[in-house]
Each structure stands twice: as C-alpha cells, then as structure tokens.
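Have a look at the structure below before the remarks.
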Amino acid sequence: MTQSSKTAAGLSEAPADTFVPEDGALYFLPLGGSGEIGMNLNLYCHQGKWLMVDLGISFADDTMPGLDVIMPDPAFIAARRNDLVGLVLTHAHEDHLGAVQYLWPELRCPVYCTPFTAAFLRAKLHEKGLSSTVPIHEIPLGGTVEVGPFSVEYVTMTHSIPEPNALAIRTSAGTILHTGDWKLDPDPLVGQTADEERLRTIGDEGVLALVGDSTNALVPGASGSEATVRDALMELFGRYRDRRIAVSCFATNVARLESIAAAAAAHDRHVALVGRSLWRINEAARATGYLADVPKFLSEHDASYLPREKLVLICTGSQGEPRSALARIAANDHPQVTLSRGDVVIFSSREIPGNERAIGRMQNQLVTQGVELVTADEASVHVSGHPARDELVRMYQWVRPRIAVPVHGEQRHQQAHAALAEDCQIPYSIVPANGEVLRLDGSEGARVVAHVRAGRMAVDGKRLVPLDTGMMRARNRMVNNGAAVVTLVMSATGELMTAPQVAVMGLVDEATDRDLLLDVVDAVRESVAMLPKSARADDAQVKEAARIAVRRCFNASHGKKPVTEVHLVRI
Numbered sequence: 350m351t352q353s354s355k356t357a358a359g360l361s362e363a364p365a366d367t368f369v370p371e372d373g374a375l376y377f378l379p380l381g382g383s384g385e386i387g388m389n390l391n392l393y394c395h396q397g398k399w400l401m402v403d404l405g406i407s408f409a410d411d412t413m414p415g416l417d418v419i420m421p422d423p424a425f426i427a428a429r430r431n432d433l434v435g436l437v438l439t440h441a442h443e444d445h446l447g448a449v450q451y452l453w454p455e456l457r458c459p460v461y462c463t464p465f466t467a468a469f470l471r472a473k474l475h476e477k478g479l480s481s482t483v484p485i486h487e488i489p490l491g492g493t494v495e496v497g498p499f500s501v502e503y504v505t506m507t508h509s510i511p512e513p514n515a516l517a518i519r520t521s522a523g524t525i526l527h528t529g530d531w532k533l534d535p536d537p538l539v540g541q542t543a544d545e546e547r548l549r550t551i552g553d554e555g556v557l558a559l560v561g562d563s564t565n566a567l568v569p570g571a572s573g574s575e576a577t578v579r580d581a582l583m584e585l586f587g588r589y590r591d592r593r594i595a596v597s598c599f600a601t602n603v604a605r606l607e608s609i610a611a612a613a614a615a616h617d618r619h620v621a622l623v624g625r626s627l628w629r630i631n632e633a634a635r636a637t638g639y640l641a642d643v644p645k646f647l648s649e650h651d652a653s654y655l656p657r658e659k660l661v662l663i664c665t666g667s668q669g670e671p672r673s674a675l676a677r678i679a680a681n682d683h684p685q686v687t688l689s690r691g692d693v694v695i696f697s698s699r700e701i702p703g704n705e706r707a708i709g710r711m712q713n714q715l716v717t718q719g720v721e722l723v724t725a726d727e728a729s730v731h732v733s734g735h736p737a738r739d740e741l742v743r744m745y746q747w748v749r750p751r752i753a754v755p756v757h758g759e760q761r762h763q764q765a766h767a768a769l770a771e772d773c774q775i776p777y778s779i780v781p782a783n784g785e786v787l788r789l790d791g792s793e794g795a796r797v798v799a800h801v802r803a804g805r806m807a808v809d810g811k812r813l814v815p816l817d818t819g820m821m822r823a824r825n826r827m828v829n830n831g832a833a834v835v836t837l838v839m840s841a842t843g844e845l846m847t848a849p850q851v852a853v854m855g856l857v858d859e860a861t862d863r864d865l866l867l868d869v870v871d872a873v874r875e876s877v878a879m880l881p882k883s884a885r886a887d888d889a890q891v892k893e894a895a896r897i898a899v900r901r902c903f904n905a906s907h908g909k910k911p912v913t914e915v916h917l918v919r920i
C-alpha cells in the first residue's frame, strides 16, 4: 500500500507543540532532503531521544540575491537538544555535512563518522575555529556505535566519494536501513564495493523500514561504473595529445581524481589542482590512505611553467559557481591560469538541476575564447553516484523491508521510488515531506502523526539569517523593483521647509532621468500639501502619503513599485 504525504496527512495528526512521542514507538522526521535534492537533515526518535542523520547544505540560485549557502533550519531539534544523542554522518558530501560548521553551535551534540569524513570535516571546522570544539568520534568501516537507545551499524556502500555508508539503525521497535547516497559499481576504483553480503544478512534479520535515496528513481537500468570513465579519459587524453587539457569534476570524487592522474601519466602529462576545495579533498584523501599511488599534484603556480601539451588542470566549477576556478578562467579573471584557442575543457560531471543557466553562461564564455568542450553528451566522462531503477530493485530484493520511505529527491523522484517499491512487493510505502513526523510500525505501516516547522537558513555575509523573514522578501522586492529614499524637512506645524529630496537605486539613471525625478519630487510635495493640517502634524500619515506618491509615479512611468523609505525631520 502506497501513501503520498497528502494521503498520510489525513490520518491522526497532532500539531508540533502538542506532539509527545510514545516511548516504545519509532518516528522519522525529515527537516531537509525530502521533496528536494540537497540540505539533508533527518531525525529518528525513540524512547524520547533523537538521533540526527546528516546535516547538509545546498547552494543559492538567482532568486536569492546576496546569498551563497542555504541549509535547513534546525530550530525544532535545537529546542530539544538535551534529548539529541548524536549526529551520524553517512559521508562527506556537502549536502550531507556542509551545515555542521554553521549549525553545530545550536546543537552541541557528539558527531560520528568514518575516518575520511572525519578528516574532511575537521578541515572545514578549522576554518570556523571549531576544530577543537566539536567532539568527532571516528567509527571504522563496518563498525557499530551505541548512541542512546540507538545501535548504529555502518554498512560499506559505493558512491562518488570515499567511505559512503548505509546505516542499520537498530531499536527495540525495529531496525531502519538508512541508505545514504549509494550505487552498485563492480569496479569503483577507489574504495570497496557495496557490502551485499551484509545487506542480505540485515534483511534476513528483519528490517522495519528502508529510508532510501530517490535521486535516480526515474532512470532505467544501472548507474554505470567509474572504470568506464577512466577508459574514456584515457582515450580523450590521447586524442588531444598536443593541447592543454582542463577537466572539471566534483571535487569530492576521489576516484575521478585518480583516473585523471592515471590518464595523464599514461600520456606523459603532469596534473595540477586549481581550486581550494580540490586541495582540501586531496589532503583528506592522502591523510586517510587514499591517492597513495598518485604523484603529488602541482599547484596552479607550478603549472604555469609547463608546456601546454605536458599539463592537465583539474578545476573546480563544474556547476558554474561564480567564484570557482573554472568560472574565473572562463571570464579571464583568474590570476594564474588561462586557456587559449584550441585548448580543451572536459566536463566530467552532470548538471545539477537549477545550475543549467550558470553552466551554460560559463561554457559560452569558454567557446568564445576558442576552447573546445567535451561533456557527458559526447563521451562517457561521467557516471552518476546514485542508484538507477535496477539497482533499487536489487536493494529491495536483499533487504525486504516492511516499509519504504523514499527521501533524497524531488517529489517526482520520491513518487517513482514508492511505485517501484510497491512493484517489489514491499507492503507499505510513504512519501514524506520535510516537517512531517512519521510513526513507523511493522503491523500498521507508516502514518503522519504531526507536522513541525521545516524552515530554511542562509549564510548572508558573516551571519545566518532565516529565509522566510521580511528582510529577504524586501531584498527580493528591491532586486525586482528598485528602491527609493525620500527625505522631508518639515516644521512642527506641518509646513515643508525645503523641497523633498528623492534618491532612487536600481530603477533610473539620476543623471539622465532628471526630469522624471523632478516629477516625483512634485508629486511628493503635492501629496503632503493636500493632507489636512492635523494629518501634516502626524509623522506616520506624512510618511505614508510620500511613500504612496513615489510608488504611484514609478508605477505610472515604469510599471514598478520601488521599496520606498521616507525620512522625516521636524525643525
């Protein structure tokens, strides 16, 4: 039986402020990562205690001016942090741990992860001055840790980063398999293959619910192997023997870094890393035993001394991020690296939905410079790190849960995942939304028993701000409609002592639109003068009259209603 969140919402529910979990029951609550890709924050509750799985970020788009990083609002669990027994991280991707450095001070709980994830996280925490503050407990691959009423076993999986883990979360109410991000790759090149034997054993023991990755639930077949990417890079490097080659990929894909290095060595080239996040990953990988057979990478400074046919550049910026290395190179804004006509850029990555415009803009800049592009449409230079449909089927055959809970995907991905689970004879499935508290029960399935607030936070300069406030709404209005500031100097009795002063931002050119601004000044003067004498003595009424006058003028001339602030001085 499949339930969407809408169907489930019709069952017994309680508002967040009155919801009291039953000690013997098991609950699942996503605050991020359901109905979206990124910003994963998942909570499990049992015997009055809460366990958090992952705490990630996503990146702002063009609708969020001035912002770079967004993340779930942890207010619900921060208010209950005395009952939060720990944060368990499945792997080191930003959408699963990128918010720790921002939000841990609100939570102050121990953090559990495997060695590579710990090394990567410590580097990020060091930048925030938290490296000696956050208690990080390293768990060996395949290890188990007791966290409050939860026993958490790490199950080795395969993904596009070292040490991805599924979590077998055991409680007195049943076992949850939280898959994290995963795929089935017979030849992952770096790290181990998914531990099929252990997954089968966990399935034989009995699994109440599988909370699983839905990213590629609409994609038929299998996700593909990293080994095919290495073969394609070998062929391409041989084809472009006399040209400078740049490769852009996700920085965390250590197997891809190793493949690029192997292809470069096979064609007598050296490899340089261009971008801070690549160096951070390189350091974490080498500190934990990965990339051991790969020669040290060159810096971008060292690379400038090599002939173009002897060099491969690995660059950050596959998603067109404005300050990334490749974006700066494409804009001729990088201090040390340039590309010339005839050079080649290989995009060894996929487009994350929402980034198409930024990627297209960057690629057009490169083509304008005479650079040749190679993408996954032309060659097998990328494979996904997430399970396609055949892999999901195999997982359900191994684990056989009573309940399927699709997460980590947009609604269409989750619904497709739920339908596939039903085809696999899983008795119950439910598609959760962020903020829905699910009660998981082997005999009754899953139902929504409460809704809690699932807001968003953003990094705005040096501070964290909520996204659903008047400040952000005002910023968006200013971006779309401009802004105006009016200064009025009036007597105590309400007489204008001088002409109103009007300054406009983002709407007109004050140098060339002088006549329009004079019309606005006249409109403000007339609106104030038409007020009754008693109203002219009331600051609030004067300000509102001036504000309306400005907005009416610009609406008539430009079809815009600028955000307008009125300063009133009485003398």
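Under the working numbering, the letters of the sequence shown match residues 350 to 920, in that order.
Backbone N, C-alpha and C fix where the C-beta goes; we use that ideal spot for every residue, glycine too.
query	result
Can you tell me where the alpha helix (DSSP H) with S906 in it begins and where it stops?	888 to 907
Out of curiosity, what's the CA-to-CA distance linking V402 and R788?	17 Å
So, helix, strand or coil for L559, using DSSP?	strand
Suppose the cutoff is 8 Å on Cβ atoms and the five residues either side in sequence are ignored; what does the same chain contact list for G373 look like?	Q396, S521, A522
Determine the extent of the beta strand (DSSP E) in which E502 is found, giving its start and end residues.	499 to 505
What residue does the alpha helix (DSSP H) around I775 start on, and which one ends it?	Looking at the DSSP string, I775 is not in any alpha helix (DSSP H), and its letter there is neither H nor E.
Express the C-alpha separation of N431 and G387 in angstroms, rounding to a whole number.	27 Å
Measure the alpha-carbon distance for S667 versus V623 and round it to whole angstroms.	12 Å
Do A782 and P423 have their C-beta atoms closer together than 9 Å?	no
Please go through the stretch 682 to 745 and give each complete alpha helix (DSSP H) segment of 4 or more residues, from N-terminal end onward.	705 to 717
Nearest by alpha-carbon distance to D739: which of V483, L479, L533 is it?	L533
Does DSSP classify M839 as helix, strand or coil?	strand
For A612, which residues from the same chain have a beta carbon less than 6 Å from its beta carbon, with the 5 sequence-adjacent residues on both sides left out?	L582, M583, F586
Would you mind stating whether I695 and S574 have Cβ atoms separated by less than 9 Å?	no
Taking just the CA atoms, how far does A472 sit from N829?	39 Å
Starting from W531, trace the beta strand (DSSP E) both ways and give me its first and last residue.	No beta strand (DSSP E) holds W531; DSSP gives it neither H nor E.
Would you kindly work out how many angstroms separate the C-alpha atoms of G791 and D809, rounded to a whole number?	44 Å
CA-CA distance, A621 and P656?	13 Å
In three-state DSSP terms, what is I663?	strand
Mind checking M879: buried by the 16 CB within 10 Å criterion, or exposed?	exposed
Check whether the stretch 883 to 892 and the stretch 910 to 919 are in contact - that is, three or more C-beta pairs closer than 8 Å.	yes
Buried or exposed: which applies to M413, given that a residue is buried once 16 or more other Cβ atoms fall within 10 Å of its Cβ?	buried
Check whether the stretch 754 to 765 and the stretch 719 to 731 are in contact - that is, three or more C-beta pairs closer than 8 Å.	no
Return the residue from the list V643, D642, V661 that minimises the CA-CA distance to D651.	V661
Between F499 and S572, what straight-line distance do the alpha-carbon atoms span, to the nearest angstrom?	32 Å
Work out the CA separation of A517 and G359 for me, nearest whole Å.	Because the pLDDT at G359 is just 35, under 50, the model does not fix this residue reliably, and the point stays unresolved.
I'd like to confirm the pairing. Which residues does DSSP put opposite E844 in its beta bridges?	Answer by DSSP bridge pairing: none, since E844 is not bridged.
With a threshold of 6 Å on Cβ separation, who are the neighbours of V369 within its own chain once the five nearest residues in sequence on each side are excluded?	none
Would you grab the beta carbon distance between R677 and Q718 for me? Rounded to a whole angstrom, and I think it's under 8 Å.	Contact doesn't hold; Cβ gap of about 13 Å is too wide.
Checking the sheet assignment: what are the DSSP bridge partners for Q850?	T836
Give the C-beta separation of M854 and A832 to the nearest angstrom, bearing in mind that I take them to be a contact with Cβ-Cβ under 8 Å.	5 Å
Could you give the distance in angstroms between the alpha-carbon of G794 and the alpha-carbon of M711?	48 Å
Across which residues does DSSP place Y376 in a beta bridge pair?	C394, R788
Three or more C-beta pairs closer than 8 Å, one from the stretch 598 to 612 and one from the stretch 630 to 650: is that the case here?	yes
In whole angstroms, give me the CA-to-CA distance for L490 and S608.	24 Å
Closest by CA to G570, which one among H735, E771, P750, I779?	H735
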